[in-house]
Amino acid sequence: MANAPKVQTRSIGRKTIRASLTPRELITPTPELKNVWKATVITLFPTAFPGVLGESLTGKALNEGLWQLATIDLRRFGKGKHRNVDDTPAGGGAGMVLRADVLGEAIDAAQDTSPANPLIYLSPRGKPMTQALMQTLADGPGVTLLCGRFEGVDERVLDHYDIQEVSLGDFVMTGGEIAAQALIDATVRLIPDVLGNQESTVDESFSSGLLEHPQYTRPAEWEGRTIPEILVSGNHGKIAEWRQEQSEELTKQRRPDMWARHRAGKDKD
Ligand SMILES: C[S@@+](CC[C@H](N)C(=O)[O-])C[C@H]1O[C@@H](n2cnc3c(N)ncnc32)[C@H](O)[C@@H]1O
4 MANAPKVQTR SIGRKTIRAS LTPRELITPT PELKNVWKAT VITLFPTAFP GVLGESLTGK
64 ALNEGLWQLA TIDLRRFGKG KHRNVDDTPA GGGAGMVLRA DVLGEAIDAA QDTSPANPLI
124 YLSPRGKPMT QALMQTLADG PGVTLLCGRF EGVDERVLDH YDIQEVSLGD FVMTGGEIAA
184 QALIDATVRL IPDVLGNQES TVDESFSSGL LEHPQYTRPA EWEGRTIPEI LVSGNHGKIA
244 EWRQEQSEEL TKQRRPDMWA RHRAGKDKD
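Numbering (the working numbering), first residue to last: 4 to 272.
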């Protein structure tokens, strides 16, 4: 905010201690890591995090400080004795809408600690999540995610903060938390060193503009089905050729839209 007083910070190694006008308990008390990609999630359900992000490679990377996560509990900014965060829709209609003033205070608290991070509202009205978006976010300093509930959020908040709306798909969920975890998972795995083997992000679906070829492993025969002979031939040139053909065939069949874009790109080269 333009007239906000300057916030004092003190650094100890990679950790930054930041004096904030926001009472400490409003934000999860994890130390801030300097220059480490950060997801801040504004939610009514902070205990839903890290959720599945705390498992496997993303969980290990979180523990190792390769990325960081903070939640901001929307309820703490609620109004009145019952800390109300929602109210009836202007103009009538079913359900409740998250209040602009409550959301505004929560977003200001997020921006207090991560002012450069883009703001995203998880919303079925948003543009679909893509690998390209995840790559752009992974290349930046982090992201602040707003999880809606009920009928969604007061539109003025989206306009005021110029928030980008992003969707997990053409369906409606009860809240934005699952979509937020999907976005964080897909982004964090693109941060260097989060995946043990960086090769795997180069080869997989979408990175090359095609769907991935089929994969096989042991046993060599299962339920009478064998592995394609070429994959056990040891001929790496032929294997690469076979995988490319399979990728192209699958993309043509399953995602004609992607195939058309891939062809258009090739024709330009
Ligand atoms: C029940 S939905 C609200 C739907 C809204 N009334 C509409 O028709 O667009 C509650 C919240 O869930 C989240 N949500 C639901 N579906 C989603 C999707 N496909 N992608 C991302 N977020 C979603 C959003 O944060 C939304 O505010």
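Each residue gets a CB set at the ideal place from its N, CA and C atoms; glycine is no exception.
Under the three-state DSSP convention, the category residue i falls into
i	result
Leu148	strand
Arg27	Note that Arg27 has pLDDT 48, beneath the 50 cutoff, so the model's placement of it is unreliable and no number is given.
Pro92	coil
Ile75	strand
Lys269	helix
Met167	This sequence places Gln at residue 167; Met is not what is there. Here Gln167 sits in strand by DSSP.
Gly129	strand
Ile187	helix
Lys37	coil
Asn120	coil
Trp262	helix
Val156	strand
Arg229	As written in the sequence, residue 229 is Thr, which differs from the Arg given in the question. If DSSP states are grouped into helix, strand and coil, Thr229 belongs with the strands.
Ser236	coil
Ser211	coil
Leu101	strand
Lys18	strand
Proximity winner among the options, relative to residue i (alpha-carbon distances)
i	options	result
Thr204	Arg152, His163, Glu244, Gln138	Gln138
Leu152	Ala135, Thr177, Leu56, Ala141	The residue you asked about is not Leu; residue 152 is Arg in the sequence shown. The residue with the shortest Cα to Cα distance from Arg152 is Thr177.
Pro49	Trp262, Gly212, Cys150, Gly16	Cys150
Gly68	Thr133, Thr254, Asp196	Asp196
Val105	Val160, Lys271, Leu171, Pro231	Val160
Ala121	Gln134, Glu108, Asp142	The amino acid occupying residue 121 in the given sequence is Pro; Ala does not appear at that position. The candidate whose alpha carbon is nearest that of Pro121 is Asp142.
Pro131	Arg78, Gln167, Lys84	Gln167
Ser170	Ile194, Gln134, Asn200, Gln249	Gln134
Gly212	Ile230, Lys241, Pro259, Leu193	Pro259
Arg257	Asn238, Leu214, Lys241	Leu214
Gly172	Glu158, Gly129, Leu193	Gly129
Leu140	Arg246, Leu186, Lys82, Ile110	Leu186
Arg78	Arg102, Phe52, Asp188, Leu47	Leu47
Burial state of residue i (16 or more Cβ within 10 Å)
i	result
Arg228	exposed
Gly145	buried
Gly155	buried
Asp76	buried
Val191	buried
Val44	buried
Leu59	Rather than Leu, the amino acid found at residue 59 in this sequence is Ser. Ser59 is exposed by the Cβ-count criterion.
Lys269	exposed
Ile233	exposed
Phe80	buried
Val175	exposed
Arg86	exposed
Arg264	exposed
Gly16	exposed
His163	exposed
Thr91	exposed
Val235	exposed
His3	Lying before the first or after the last residue shown, residue 3 is absent from the chain, which here runs from 4 to 272.
Lys37	exposed
Limits of the unbroken beta strand (DSSP E) element including residue i
i	result
Thr46	41 to 46
Residue i, enclosing alpha helix (DSSP H) - first and last residue
i	result
Met137	134 to 142
Glu251	239 to 257
Asn66	59 to 66
Residue-chain proximity (residue i, chain B), Cβ-Cβ < 8 Å
i	result
Ala223	Among the chains in the structure shown there is no chain B, since it carries only a single protein chain.
Inset, instruction - Say whether the region 121 to 132 touches the region 171 to 184, bearing in mind that this needs 3 or more beta-carbon pairs closer than 8 Å, one atom from each stretch. - result: The region 121 to 132, when compared against the region 171 to 184, does touch it at the 8 Å Cβ threshold.
Inset, instruction - Say whether the region 88 to 96 touches the region 214 to 222, bearing in mind that this needs 3 or more beta-carbon pairs closer than 8 Å, one atom from each stretch. - result: Judged by pairs of C-beta atoms under 8 Å, the region 88 to 96 does not touch the region 214 to 222, as fewer than three such pairs exist.
Legend entry - Stretch-stretch touch, CB-based, cutoff 8 Å, three pairs: the region 104 to 122 with the region 55 to 64: Result no; under three Cβ-Cβ pairs closer than 8 Å.
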